[in-house]
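Remarks on the structure that follows.
Numbering (our numbering), first residue to last: 2 to 357.
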(Lines of atoms letter the chains of each structure in order from A; the text may use other names.)
(Lines give C-alpha, C1' and ligand atoms only; values in the text may rest on other atoms or scores of the structure.)
Protein backbone atom coordinates (compact mmCIF):
# COMPACT_ATOMS: atom_id res chain seq x y z
CA UNK A 2 0.00 0.00 0.00
CA UNK A 3 1.20 3.54 -0.68
CA UNK A 4 1.98 5.78 2.28
CA UNK A 5 -1.26 7.25 3.66
CA UNK A 6 -1.51 10.72 5.10
CA UNK A 7 -3.23 10.30 8.49
CA UNK A 8 -6.36 12.37 9.17
CA UNK A 9 -6.37 15.44 11.40
CA UNK A 10 -9.76 14.99 13.06
CA UNK A 11 -10.10 18.18 15.10
CA UNK A 12 -10.36 20.39 12.02
CA UNK A 13 -13.06 21.89 9.80
CA UNK A 14 -13.65 20.27 6.40
CA UNK A 15 -15.86 21.22 3.46
CA UNK A 16 -18.61 18.62 3.13
CA UNK A 17 -20.56 20.25 0.29
CA UNK A 18 -21.34 23.42 -1.58
CA UNK A 19 -24.36 25.33 -0.23
CA UNK A 20 -26.32 24.63 -3.43
CA UNK A 21 -25.92 20.86 -2.97
CA UNK A 22 -27.72 20.77 0.39
CA UNK A 23 -31.50 21.10 0.41
CA UNK A 24 -34.56 19.08 1.31
CA UNK A 25 -33.23 16.02 -0.49
CA UNK A 26 -30.96 13.86 1.66
CA UNK A 27 -27.30 14.02 0.63
CA UNK A 28 -24.72 11.40 1.63
CA UNK A 29 -21.00 12.17 1.98
CA UNK A 30 -18.11 10.34 3.70
CA UNK A 31 -15.49 12.47 5.48
CA UNK A 32 -12.45 11.00 7.28
CA UNK A 33 -14.20 7.65 6.97
CA UNK A 34 -17.35 8.92 8.76
CA UNK A 35 -20.56 8.48 6.78
CA UNK A 36 -22.72 11.62 6.91
CA UNK A 37 -26.21 12.64 5.81
CA UNK A 38 -26.89 16.34 5.11
CA UNK A 39 -30.15 18.26 4.72
CA UNK A 40 -31.76 21.61 5.53
CA UNK A 41 -34.51 22.38 8.04
CA UNK A 42 -37.89 23.28 6.54
CA UNK A 43 -38.46 26.77 8.00
CA UNK A 44 -35.00 28.32 8.56
CA UNK A 45 -33.12 26.29 5.94
CA UNK A 46 -30.33 25.59 8.46
CA UNK A 47 -27.98 22.77 7.40
CA UNK A 48 -28.05 19.62 9.55
CA UNK A 49 -25.35 16.92 9.51
CA UNK A 50 -26.00 13.53 11.15
CA UNK A 51 -24.28 10.14 11.08
CA UNK A 52 -25.61 8.31 8.03
CA UNK A 53 -26.50 4.97 9.65
CA UNK A 54 -29.70 4.09 11.51
CA UNK A 55 -28.92 2.68 14.99
CA UNK A 56 -31.28 -0.23 14.41
CA UNK A 57 -29.94 -2.17 11.40
CA UNK A 58 -27.41 0.36 10.03
CA UNK A 59 -29.56 1.36 7.04
CA UNK A 60 -28.05 4.46 5.31
CA UNK A 61 -30.20 7.48 6.16
CA UNK A 62 -29.14 9.19 2.92
CA UNK A 63 -30.72 6.45 0.79
CA UNK A 64 -34.32 6.03 -0.40
CA UNK A 65 -36.88 5.33 0.82
CA UNK A 66 -35.56 7.27 3.88
CA UNK A 67 -37.33 10.64 3.84
CA UNK A 68 -37.84 13.88 5.74
CA UNK A 69 -40.98 14.48 7.79
CA UNK A 70 -40.69 18.17 8.62
CA UNK A 71 -37.22 18.44 10.17
CA UNK A 72 -37.17 14.79 11.24
CA UNK A 73 -35.50 12.05 9.28
CA UNK A 74 -37.49 8.79 8.93
CA UNK A 75 -35.39 5.70 8.22
CA UNK A 76 -36.61 3.96 5.07
CA UNK A 77 -36.12 0.47 6.51
CA UNK A 78 -38.11 0.33 9.79
CA UNK A 79 -39.18 3.93 10.39
CA UNK A 80 -36.84 4.89 13.25
CA UNK A 81 -37.20 8.68 13.36
CA UNK A 82 -34.52 11.19 14.40
CA UNK A 83 -34.64 14.91 15.18
CA UNK A 84 -31.97 17.43 14.09
CA UNK A 85 -29.83 16.62 17.16
CA UNK A 86 -29.70 12.93 16.16
CA UNK A 87 -31.99 11.88 19.03
CA UNK A 88 -34.39 9.06 18.11
CA UNK A 89 -37.96 10.24 18.81
CA UNK A 90 -39.91 7.25 17.46
CA UNK A 91 -39.41 3.51 17.08
CA UNK A 92 -42.00 1.15 15.55
CA UNK A 93 -44.27 -0.98 17.71
CA UNK A 94 -43.49 0.44 21.16
CA UNK A 95 -43.91 3.66 23.13
CA UNK A 96 -40.54 3.61 24.88
CA UNK A 97 -37.55 4.76 22.82
CA UNK A 98 -34.31 3.08 24.00
CA UNK A 99 -31.94 5.63 25.59
CA UNK A 100 -29.11 4.55 23.32
CA UNK A 101 -31.18 5.23 20.20
CA UNK A 102 -29.34 8.25 18.83
CA UNK A 103 -27.02 9.03 15.94
CA UNK A 104 -24.12 11.47 16.11
CA UNK A 105 -24.81 15.06 15.13
CA UNK A 106 -21.89 17.15 13.85
CA UNK A 107 -21.10 20.87 14.23
CA UNK A 108 -21.79 22.59 10.91
CA UNK A 109 -21.15 26.12 9.60
CA UNK A 110 -22.34 27.59 6.31
CA UNK A 111 -19.97 30.30 5.10
CA UNK A 112 -18.83 31.63 1.70
CA UNK A 113 -21.25 29.22 -0.06
CA UNK A 114 -19.47 26.25 1.57
CA UNK A 115 -20.84 23.81 4.18
CA UNK A 116 -18.09 23.16 6.75
CA UNK A 117 -18.31 20.16 9.11
CA UNK A 118 -16.33 19.25 12.23
CA UNK A 119 -15.71 15.50 12.65
CA UNK A 120 -13.60 15.61 15.84
CA UNK A 121 -14.38 16.55 19.45
CA UNK A 122 -17.41 18.90 19.22
CA UNK A 123 -16.19 20.86 22.29
CA UNK A 124 -13.19 22.06 20.24
CA UNK A 125 -15.18 23.24 17.20
CA UNK A 126 -14.56 26.99 16.88
CA UNK A 127 -16.37 28.55 13.88
CA UNK A 128 -13.99 31.54 14.07
CA UNK A 129 -11.10 29.30 13.01
CA UNK A 130 -12.63 28.53 9.58
CA UNK A 131 -10.55 30.15 6.81
CA UNK A 132 -12.44 32.54 4.51
CA UNK A 133 -13.03 32.40 0.75
CA UNK A 134 -15.29 35.46 0.46
CA UNK A 135 -14.99 35.74 -3.33
CA UNK A 136 -17.10 32.57 -3.69
CA UNK A 137 -20.28 34.52 -2.96
CA UNK A 138 -19.27 38.20 -2.98
CA UNK A 139 -21.07 40.75 -5.18
CA UNK A 140 -19.02 41.57 -8.27
CA UNK A 141 -17.59 38.06 -8.53
CA UNK A 142 -18.79 35.22 -10.77
CA UNK A 143 -17.83 31.64 -9.90
CA UNK A 144 -17.88 28.34 -11.79
CA UNK A 145 -17.48 25.29 -9.58
CA UNK A 146 -17.62 21.53 -9.37
CA UNK A 147 -16.46 18.54 -7.34
CA UNK A 148 -14.59 15.44 -8.45
CA UNK A 149 -13.91 12.43 -6.21
CA UNK A 150 -10.36 11.12 -6.68
CA UNK A 151 -9.12 7.65 -5.71
CA UNK A 152 -5.95 8.94 -4.12
CA UNK A 153 -4.55 9.90 -0.74
CA UNK A 154 -5.46 13.53 0.01
CA UNK A 155 -1.77 14.29 0.63
CA UNK A 156 -1.11 13.66 -3.08
CA UNK A 157 -3.67 16.32 -4.02
CA UNK A 158 -2.05 18.79 -1.59
CA UNK A 159 1.33 18.05 -3.23
CA UNK A 160 -0.15 18.54 -6.68
CA UNK A 161 -1.70 21.92 -5.92
CA UNK A 162 1.30 23.34 -4.05
CA UNK A 163 3.65 22.59 -6.94
CA UNK A 164 2.29 24.44 -9.97
CA UNK A 165 5.31 23.62 -12.15
CA UNK A 166 3.34 20.53 -13.22
CA UNK A 167 1.07 22.92 -15.17
CA UNK A 168 3.76 23.19 -17.86
CA UNK A 169 3.68 19.45 -18.51
CA UNK A 170 0.33 18.05 -17.39
CA UNK A 171 -1.79 21.05 -18.43
CA UNK A 172 0.04 22.26 -21.57
CA UNK A 173 -2.46 23.77 -24.02
CA UNK A 174 -4.69 24.92 -21.15
CA UNK A 175 -3.00 26.74 -18.24
CA UNK A 176 0.59 25.56 -18.67
CA UNK A 177 3.41 27.45 -20.41
CA UNK A 178 7.22 26.94 -20.24
CA UNK A 179 7.65 29.91 -17.88
CA UNK A 180 5.66 28.30 -15.04
CA UNK A 181 8.21 25.51 -14.56
CA UNK A 182 11.19 27.80 -15.28
CA UNK A 183 10.32 30.48 -12.71
CA UNK A 184 11.75 29.98 -9.20
CA UNK A 185 9.30 30.01 -6.30
CA UNK A 186 9.32 31.83 -3.00
CA UNK A 187 7.85 29.95 -0.05
CA UNK A 188 6.70 31.30 3.30
CA UNK A 189 5.52 29.02 6.09
CA UNK A 190 3.53 30.08 9.14
CA UNK A 191 3.82 26.89 11.19
CA UNK A 192 1.67 28.19 14.06
CA UNK A 193 -1.25 29.23 11.85
CA UNK A 194 -0.82 26.19 9.60
CA UNK A 195 -0.50 28.32 6.44
CA UNK A 196 1.88 27.75 3.51
CA UNK A 197 2.38 30.49 0.90
CA UNK A 198 4.03 29.74 -2.44
CA UNK A 199 4.53 32.51 -5.01
CA UNK A 200 5.67 32.65 -8.62
CA UNK A 201 5.88 36.04 -10.36
CA UNK A 202 6.56 35.84 -14.10
CA UNK A 203 7.44 39.22 -15.66
CA UNK A 204 7.36 38.14 -19.29
CA UNK A 205 5.43 34.97 -20.04
CA UNK A 206 3.43 33.36 -22.79
CA UNK A 207 -0.32 33.80 -22.30
CA UNK A 208 -1.86 30.31 -21.92
CA UNK A 209 -5.00 29.52 -23.98
CA UNK A 210 -7.12 29.42 -20.79
CA UNK A 211 -6.51 33.17 -20.33
CA UNK A 212 -5.90 34.30 -23.93
CA UNK A 213 -9.33 33.06 -25.01
CA UNK A 214 -11.17 34.37 -21.93
CA UNK A 215 -9.53 37.81 -21.52
CA UNK A 216 -8.75 38.64 -25.15
CA UNK A 217 -5.14 39.52 -24.26
CA UNK A 218 -2.83 39.07 -27.24
CA UNK A 219 0.90 38.74 -26.81
CA UNK A 220 2.97 38.23 -23.71
CA UNK A 221 1.91 38.83 -20.13
CA UNK A 222 3.06 39.32 -16.58
CA UNK A 223 1.60 36.42 -14.64
CA UNK A 224 1.49 36.14 -10.88
CA UNK A 225 0.48 33.04 -8.94
CA UNK A 226 0.21 33.48 -5.18
CA UNK A 227 -0.90 30.36 -3.31
CA UNK A 228 -2.22 30.36 0.23
CA UNK A 229 -2.84 26.88 1.69
CA UNK A 230 -4.72 26.75 4.99
CA UNK A 231 -4.09 23.24 6.28
CA UNK A 232 -5.78 20.87 6.10
CA UNK A 233 -8.66 21.79 3.79
CA UNK A 234 -8.61 25.16 2.01
CA UNK A 235 -6.36 26.15 -0.90
CA UNK A 236 -6.51 29.61 -2.49
CA UNK A 237 -4.62 30.60 -5.63
CA UNK A 238 -4.65 34.35 -6.24
CA UNK A 239 -3.94 34.69 -9.96
CA UNK A 240 -3.13 37.93 -11.81
CA UNK A 241 -2.40 38.39 -15.49
CA UNK A 242 -1.82 41.64 -17.41
CA UNK A 243 -0.13 42.63 -20.67
CA UNK A 244 3.68 42.89 -20.26
CA UNK A 245 4.72 46.20 -18.72
CA UNK A 246 1.38 46.87 -17.01
CA UNK A 247 2.13 46.69 -13.31
CA UNK A 248 -0.08 47.39 -10.28
CA UNK A 249 -0.21 50.97 -8.94
CA UNK A 250 2.02 51.94 -6.01
CA UNK A 251 -0.96 51.57 -3.65
CA UNK A 252 -1.44 47.97 -4.79
CA UNK A 253 -4.54 48.65 -6.90
CA UNK A 254 -4.50 47.00 -10.29
CA UNK A 255 -7.10 48.42 -12.72
CA UNK A 256 -5.56 46.78 -15.80
CA UNK A 257 -4.95 43.33 -14.39
CA UNK A 258 -7.30 40.36 -14.66
CA UNK A 259 -7.75 38.81 -11.22
CA UNK A 260 -8.92 35.24 -10.86
CA UNK A 261 -9.36 33.42 -7.56
CA UNK A 262 -8.94 29.66 -7.85
CA UNK A 263 -10.25 27.79 -4.81
CA UNK A 264 -9.88 24.14 -3.86
CA UNK A 265 -11.32 22.41 -0.82
CA UNK A 266 -9.34 19.23 -0.19
CA UNK A 267 -11.56 16.93 1.87
CA UNK A 268 -10.34 13.41 2.70
CA UNK A 269 -13.21 10.95 2.24
CA UNK A 270 -11.43 7.84 3.48
CA UNK A 271 -8.10 6.04 3.06
CA UNK A 272 -6.98 6.69 -0.51
CA UNK A 273 -10.07 8.76 -1.37
CA UNK A 274 -10.49 12.53 -1.51
CA UNK A 275 -13.17 15.01 -2.58
CA UNK A 276 -11.68 17.64 -4.90
CA UNK A 277 -13.95 20.70 -4.67
CA UNK A 278 -12.80 23.24 -7.31
CA UNK A 279 -13.95 26.77 -8.12
CA UNK A 280 -12.80 29.59 -10.40
CA UNK A 281 -14.00 33.10 -9.47
CA UNK A 282 -13.43 36.26 -11.51
CA UNK A 283 -14.20 39.96 -11.18
CA UNK A 284 -13.89 40.69 -14.93
CA UNK A 285 -16.31 40.08 -17.84
CA UNK A 286 -18.85 39.15 -15.18
CA UNK A 287 -21.82 39.57 -17.58
CA UNK A 288 -20.30 37.45 -20.32
CA UNK A 289 -21.99 34.02 -20.25
CA UNK A 290 -19.65 32.75 -22.98
CA UNK A 291 -16.60 33.45 -20.81
CA UNK A 292 -18.32 31.71 -17.88
CA UNK A 293 -18.99 28.58 -19.94
CA UNK A 294 -15.49 28.63 -21.44
CA UNK A 295 -13.91 28.81 -17.96
CA UNK A 296 -16.23 26.07 -16.65
CA UNK A 297 -15.41 23.66 -19.49
CA UNK A 298 -11.70 24.45 -19.56
CA UNK A 299 -11.21 24.21 -15.83
CA UNK A 300 -13.15 20.96 -15.67
CA UNK A 301 -10.75 19.56 -18.29
CA UNK A 302 -7.75 20.71 -16.23
CA UNK A 303 -9.21 19.17 -13.05
CA UNK A 304 -9.83 15.87 -14.87
CA UNK A 305 -6.19 15.85 -16.06
CA UNK A 306 -5.19 16.01 -12.38
CA UNK A 307 -7.78 13.35 -11.44
CA UNK A 308 -6.41 10.94 -14.07
CA UNK A 309 -2.79 11.58 -13.05
CA UNK A 310 -3.48 11.21 -9.30
CA UNK A 311 -5.56 8.05 -9.72
CA UNK A 312 -2.62 6.59 -11.69
CA UNK A 313 -0.05 7.81 -9.15
CA UNK A 314 -1.97 6.20 -6.26
CA UNK A 315 -2.04 2.87 -8.12
CA UNK A 316 1.67 3.16 -8.96
CA UNK A 317 2.64 3.90 -5.36
CA UNK A 318 0.67 0.81 -4.34
CA UNK A 319 3.03 -1.36 -6.39
CA UNK A 320 6.31 0.19 -5.16
CA UNK A 321 8.75 -1.97 -3.28
CA UNK A 322 9.09 -1.29 0.44
CA UNK A 323 11.61 1.39 1.31
CA UNK A 324 11.54 3.21 -2.05
CA UNK A 325 13.00 6.71 -1.84
CA UNK A 326 11.26 9.83 -3.09
CA UNK A 327 13.44 12.58 -4.55
CA UNK A 328 12.46 16.17 -3.67
CA UNK A 329 13.80 19.42 -5.16
CA UNK A 330 13.25 23.17 -4.69
CA UNK A 331 9.76 23.16 -6.27
CA UNK A 332 8.64 20.79 -3.48
CA UNK A 333 9.39 23.21 -0.62
CA UNK A 334 5.73 24.20 -0.18
CA UNK A 335 4.46 20.64 -0.39
CA UNK A 336 7.00 19.40 2.14
CA UNK A 337 6.03 22.23 4.52
CA UNK A 338 2.38 21.22 4.13
CA UNK A 339 3.24 17.59 4.98
CA UNK A 340 5.00 18.79 8.15
CA UNK A 341 1.99 20.88 9.20
CA UNK A 342 -0.48 18.05 8.47
CA UNK A 343 1.63 15.65 10.55
CA UNK A 344 1.58 18.14 13.45
CA UNK A 345 -2.22 18.62 13.20
CA UNK A 346 -2.68 14.83 13.27
CA UNK A 347 -0.42 14.50 16.31
CA UNK A 348 -2.19 17.33 18.16
CA UNK A 349 -5.56 15.75 17.42
CA UNK A 350 -4.43 12.47 18.99
CA UNK A 351 -3.35 14.02 22.32
CA UNK A 352 -5.90 13.65 25.12
CA UNK A 353 -7.60 16.96 25.86
CA UNK A 354 -6.97 18.15 29.42
CA UNK A 355 -10.19 18.78 31.31
CA UNK A 356 -10.35 21.99 33.34
CA UNK A 357 -11.21 21.14 36.95
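All C-beta atoms, glycine included, are put in the ideal place defined by N, C-alpha and C. Since the model is a prediction, treat every value here as computed from it, not as a measurement.
Around residue 90, the same chain offers 81 as residues with beta carbons nearer than 6 Å, after the five sequence neighbours per side are excluded.
DSSP, read as helix, strand or coil, puts residue 303 in helix. The stretch 109 to 129 makes contact with the stretch 26 to 41: 3 or more CB pairs, one atom from each, lie closer than 8 Å.
In terms of Cα proximity to residue 278, the closest of 269, 141, 287 and 261 is 261. Assigned with DSSP and collapsed to three states, residue 78 falls in coil, not helix or strand. Residue state for residue 287 is assigned as coil, using DSSP reduced to three classes. Collapsing the DSSP output to three states places residue 159 in a helix. The beta carbons of residue 194 and residue 133 sit no closer together than 8 Å. It is roughly 9 Å from the alpha-carbon of residue 17 to the alpha-carbon of residue 147. Counted as a single uninterrupted DSSP element, the stretch harbouring residue 149 is not any alpha helix (DSSP H) but the beta strand (DSSP E) occupying residues 142 to 150. Around the beta carbon of residue 316, fewer than 16 other beta carbons lie within 10 angstroms, which makes this residue exposed. One alpha carbon belongs to residue 239, the other to residue 170, and they sit about 19 Å apart. The beta carbon of residue 124 sits closer than 6 Å to the beta carbons of 11 from its chain, once the five residues preceding and following it are set aside; these are given in chain order.
Contact between residue 72 and residue 83 holds: CB atoms are separated by about 6 Å, below the 8 Å threshold. Annotation for residue 211: the continuous alpha helix (DSSP H) segment containing it runs 209 to 215. Under the DSSP definition of a beta bridge, residue 236 partners with 228 and 263. In the DSSP assignment, residue 17 falls within the beta strand (DSSP E) that extends over 13 to 18. For residue 223, the pairing in a beta bridge is given by DSSP as 202 and 241. Within the same chain, and ignoring the five residues on either side of residue 87 in sequence, the residues whose Cβ sits closer than 7 Å to its Cβ are 102. In this structure, residue 114 sits away from residue 338, with a CB-CB distance that is not shorter than 8 Å.
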